[in-house]
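Each remark here refers to the structure printed beneath this line.
Number of protein chains: 2
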Amino acid sequence: MGKKYVHGYTARENVRLVDQATTLAGILHSDTVYPAGSNVLEAGCGVGAQTILLARNSPNAKFTAVDVSEDSLRAARERVSSQGLTNVTFHRCDLFHLPYEENSFDHLFLCFVLEHLPNPMEALLCLRRVLKGGGTITVIEGDHGSAYFSPESPDARKAIRCLVDIQAGMGGNSLIGRELYPLLMKSNFVNVDVSPRMVYVDSSKPDLVEGFTKNTFIAMVKGVREQAIRSGLMDEASWDQGIRDLYGTTGEDGTFIYTFFKGRASK
Amino acid sequence: MGKKYVHGYTARENVRLVDQATTLAGILHSDTVYPAGSNVLEAGCGVGAQTILLARNSPNAKFTAVDVSEDSLRAARERVSSQGLTNVTFHRCDLFHLPYEENSFDHLFLCFVLEHLPNPMEALLCLRRVLKGGGTITVIEGDHGSAYFSPESPDARKAIRCLVDIQAGMGGNSLIGRELYPLLMKSNFVNVDVSPRMVYVDSSKPDLVEGFTKNTFIAMVKGVREQAIRSGLMDEASWDQGIRDLYGTTGEDGTFIYTFFKGRASK
Numbered sequence: 001m002g003k004k005y006v007h008g009y010t011a012r013e014n015v016r017l018v019d020q021a022t023t024l025a026g027i028l029h030s031d032t033v034y035p036a037g038s039n040v041l042e043a044g045c046g047v048g049a050q051t052i053l054l055a056r057n058s059p060n061a062k063f064t065a066v067d068v069s070e071d072s073l074r075a076a077r078e079r080v081s082s083q084g085l086t087n088v089t090f091h092r093c094d095l096f097h098l099p100y101e102e103n104s105f106d107h108l109f110l111c112f113v114l115e116h117l118p119n120p121m122e123a124l125l126c127l128r129r130v131l132k133g134g135g136t137i138t139v140i141e142g143d144h145g146s147a148y149f150s151p152e153s154p155d156a157r158k159a160i161r162c163l164v165d166i167q168a169g170m171g172g173n174s175l176i177g178r179e180l181y182p183l184l185m186k187s188n189f190v191n192v193d194v195s196p197r198m199v200y201v202d203s204s205k206p207d208l209v210e211g212f213t214k215n216t217f218i219a220m221v222k223g224v225r226e227q228a229i230r231s232g233l234m235d236e237a238s239w240d241q242g243i244r245d246l247y248g249t250t251g252e253d254g255t256f257i258y259t260f261f262k263g264r265a266s267k
Numbered sequence: 001m002g003k004k005y006v007h008g009y010t011a012r013e014n015v016r017l018v019d020q021a022t023t024l025a026g027i028l029h030s031d032t033v034y035p036a037g038s039n040v041l042e043a044g045c046g047v048g049a050q051t052i053l054l055a056r057n058s059p060n061a062k063f064t065a066v067d068v069s070e071d072s073l074r075a076a077r078e079r080v081s082s083q084g085l086t087n088v089t090f091h092r093c094d095l096f097h098l099p100y101e102e103n104s105f106d107h108l109f110l111c112f113v114l115e116h117l118p119n120p121m122e123a124l125l126c127l128r129r130v131l132k133g134g135g136t137i138t139v140i141e142g143d144h145g146s147a148y149f150s151p152e153s154p155d156a157r158k159a160i161r162c163l164v165d166i167q168a169g170m171g172g173n174s175l176i177g178r179e180l181y182p183l184l185m186k187s188n189f190v191n192v193d194v195s196p197r198m199v200y201v202d203s204s205k206p207d208l209v210e211g212f213t214k215n216t217f218i219a220m221v222k223g224v225r226e227q228a229i230r231s232g233l234m235d236e237a238s239w240d241q242g243i244r245d246l247y248g249t250t251g252e253d254g255t256f257i258y259t260f261f262k263g264r265a266s267k
């Protein structure tokens, strides 16, 4: 999984992931609270951007956060301890070979993980094995096909499409948000409930213009510039126009819309 | 405007408009309530699908509902009186030549009207003239570019695009939802607040599968079949495949997503 992470592992990307998590904390995470004493597995914690929010929202739950990347885990450990949080244990391991007994955890949590996997249903089945009966799974994913904006721009659309195609070329699926419901159903979870979390941005919401449209979404698209141009998906001039047009949606008359999907289900 | 209404004026279309309004009443209209005694203008009331919801939600407000089509007004009058509602007066007139003094109304309401006009800002300015200072305007519009679904289908996308293009060819803009904020701002309204109203449908929501995906959205797309094929926008086989694929999103593993936008502002 390490080399196949579309957004890369740069320092700038780490900053973006934390900006994103902070801006979206209310929209995505505020309704995830675990009871005192419960054992929660966070699968694919990355640099810990979500981990600190989880651990803070449920200070008396015990989190086990796992990832395949040792570098990411190191960043996550530092982030968690710098926040004074002591309810997280980290393990390096692979989602598909979790070193835990059946029925080990009360709850499972994963955020922006399935979109990067060629076999998300297999991942869900592996995770389900370690979940206790009656326990819950919470899955948060984006959907890049949910993005639209004004003013309209064919180049901006194409640039977003490049990100979708590059991620697909690496075996991922950045349009997975809309598929969460069938994915959870087919992975034998019950009481599946998916709730969309739309981010609607117009110029009356300057915090979202900065924190979401510019620093989360456009920053993410810009991250695949070299790959998009090198692979011939877009020429340099159209790409740069597309990015300029995306910034155009952050102006006084612009709007930008994106939707995340949060699924919850039980074993 | 009469001849230029993309959805036509058939009996079947009238049924669709009322199905749509009933299914969406909670999502779109439940938070529109006017104080007793206030004078509210509903511009472009059509067959009265929204009018009955408005009049019922605010039984002590007085509504003036106007439309350019005499046939639509007749249907609206019948619908309103069949519901026992007595707080609506109907007038046949044109949005751009409203036969009212300046500052005549306490509030303005319009739903699915601007999307059919070549000059929505001019319409808003004409409406603003008859609104009292401090009065509010409420505008509800869809955005056909907000539709996405699973399973994915290029033909289904193309069929939706036909509706967008045909409506554009008649001078309308079915992607107007995302532009409500700048439109209201540029029309000199203040305190502009736009809130998206997403309809998220999966198979755990059978009422929305029937009432929204099938009977509102797919029914609307099907309404332009002849025009789409006759004008060469799509061949018959691809069109029919597109419609079958849209129905495919109403199956057990399907999802369908669409967003309306509700804008509120003051003079």
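In the order they appear, the protein sequences are chains Y and X. According to my numbering, the residues represented by the first sequence are 1 to 267, in order. According to my numbering, the residues represented by the second sequence are 1 to 267, in order. From the three backbone atoms N, C-alpha and C, an ideal C-beta is built for every residue, glycine too.
Proximity of residue i and residue j at Cβ, strictly below 8 Å
{"i": "Thr259 of chain X", "j": "Arg197 of chain X", "result": "yes"}
{"i": "Val40 of chain X", "j": "Ala25 of chain X", "result": "no"}
{"i": "Asp19 of chain X", "j": "Thr213 of chain X", "result": "no"}
{"i": "Ile160 of chain X", "j": "Val199 of chain X", "result": "no"}
{"i": "Asp202 of chain Y", "j": "Tyr34 of chain X", "result": "no"}
{"i": "Phe149 of chain X", "j": "Phe256 of chain X", "result": "yes"}
{"i": "Arg128 of chain X", "j": "Lys267 of chain X", "result": "yes"}
{"i": "His29 of chain Y", "j": "Val66 of chain Y", "result": "no"}
{"i": "Pro151 of chain Y", "j": "Gly223 of chain Y", "result": "no"}
{"i": "Ile166 of chain X", "j": "Gln227 of chain X", "result": "yes"}
{"i": "Leu163 of chain Y", "j": "Ser153 of chain Y", "result": "no"}
{"i": "Gly44 of chain X", "j": "Leu108 of chain X", "result": "no"}
{"i": "Leu17 of chain X", "j": "Thr32 of chain X", "result": "no"}
Outcome for residue i when other beta-carbon atoms lying within 10 angstroms are tallied against a minimum of 16
{"i": "Thr10 of chain X", "result": "exposed"}
{"i": "Asn191 of chain Y", "result": "exposed"}
{"i": "Asn188 of chain X", "result": "exposed"}
{"i": "Leu131 of chain Y", "result": "buried"}
{"i": "Gly169 of chain X", "result": "exposed"}
{"i": "Thr89 of chain Y", "result": "exposed"}
{"i": "Ala36 of chain X", "result": "exposed"}
{"i": "Gly133 of chain X", "result": "exposed"}
{"i": "Thr138 of chain X", "result": "buried"}
{"i": "Glu78 of chain Y", "result": "exposed"}
{"i": "Asn14 of chain Y", "result": "buried"}
{"i": "Gly177 of chain Y", "result": "buried"}
{"i": "Lys3 of chain X", "result": "Bear in mind that the predicted position of Lys3 of chain X carries a pLDDT of just 45, short of 50, making it unreliable; the figure below should be weighed with that in mind. Result: exposed."}
{"i": "Gly245 of chain Y", "result": "One point to set straight first is that residue 245 of chain Y is Asp, not Gly, in the sequence displayed. When all chains shown are included, Asp245 of chain Y counts as buried."}
{"i": "Glu102 of chain Y", "result": "exposed"}
{"i": "Glu252 of chain X", "result": "exposed"}
Helix, strand or coil at residue i according to DSSP, with G and I counted as helix
{"i": "Tyr148 of chain X", "result": "strand"}
{"i": "Thr250 of chain Y", "result": "coil"}
{"i": "Val18 of chain X", "result": "helix"}
{"i": "Pro196 of chain Y", "result": "strand"}
{"i": "Phe96 of chain X", "result": "helix"}
{"i": "Met1 of chain Y", "result": "Because the pLDDT of Met1 of chain Y is 38, which lies under 50, any placement of that residue in the model is unreliable, and the number read from its coordinates should be weighed accordingly. In this structure, Met1 of chain Y counts as coil in the three-state DSSP scheme."}
{"i": "Ile257 of chain X", "result": "strand"}
{"i": "Glu42 of chain X", "result": "strand"}
{"i": "Leu117 of chain X", "result": "coil"}
{"i": "Glu179 of chain Y", "result": "helix"}
{"i": "Glu78 of chain X", "result": "helix"}
{"i": "His29 of chain Y", "result": "helix"}
{"i": "Ala265 of chain X", "result": "strand"}
{"i": "Glu13 of chain Y", "result": "helix"}
{"i": "Leu85 of chain Y", "result": "coil"}
{"i": "Asp106 of chain X", "result": "strand"}
{"i": "Gly133 of chain Y", "result": "strand"}
{"i": "Asn57 of chain X", "result": "helix"}
{"i": "Glu210 of chain X", "result": "helix"}
{"i": "Phe112 of chain Y", "result": "coil"}
Inter-residue CB distance, residue i and residue j (contact presumed, cutoff 8 Å)
{"i": "Ala265 of chain Y", "j": "Thr136 of chain Y", "result": "7 Å"}
{"i": "Gly172 of chain Y", "j": "His116 of chain Y", "result": "5 Å"}
{"i": "Met234 of chain Y", "j": "Leu183 of chain Y", "result": "Wrong, their Cβ atoms sit about 30 Å apart, outside the cutoff."}
{"i": "Val47 of chain X", "j": "Ser72 of chain X", "result": "5 Å"}
{"i": "Thr23 of chain X", "j": "Gly211 of chain X", "result": "3 Å"}
Near the ligand FMN: residue i beta-carbon under 7 Å from a heavy atom
{"i": "Gln241 of chain X", "result": "Among the components of this structure there are no ligands whatsoever, and the ligand FMN is therefore not found."}
| field | Near-chain Y residues of the region 189–207 of chain X - C-beta to any C-beta below 8 Å | value | Those residues of the region 189–207 of chain X placed with their C-beta closer than 8 Å to a C-beta in chain Y are Val192, Asp193, Val194, Ser195, Pro196, Met198, Tyr200, Asp202, Ser203, Ser204, ordered along the chain.
| task | Report the residues of the region 139–154 of chain X with a CB closer than 8 Å to any CB of chain Y, ordered along the chain. | result | Within the region 139–154 of chain X, the residues whose Cβ lies closer than 8 Å to any Cβ of chain Y are, in chain order, Asp143, Gly145, Ser146, Tyr148, Phe149, Ser150, Glu152.
| request: Using a Cβ-Cβ cut-off of less than 8 Å, list which residues of the region 5–20 of chain X approach chain Y; keep chain order. | output: Cβ contacts with chain Y come from no residue of the region 5–20 of chain X.
| said: Taking beta-carbon pairs under 8 Å, can you tell me which members of the region 55–72 of chain X lie near chain Y? | reply: If the cut-off is 8 Å between Cβ atoms, the region 55–72 of chain X has nothing near chain Y.
| query | Just by C-beta distance, which residues in the region 154–165 of chain Y are closer than 7 Å to chain X? | reply | Within the region 154–165 of chain Y, no residue qualifies.
| Using a beta-carbon distance cut-off of less than 9 Å, what residues from the region 95–121 of chain Y approach chain X? | Listed by position along the chain: nothing, the set is empty.
| task | With 8 Å as the limit, tell me which residues of the region 232–260 of chain Y have their beta carbon closer than that to any beta carbon of chain X; keep them in chain order. | result | Identification of residues in the region 232–260 of chain Y having a C-beta nearer than 8 Å to some C-beta of chain X yields Glu252, Asp253, Gly254, Thr255, Ile257, Thr259, given in sequence order.
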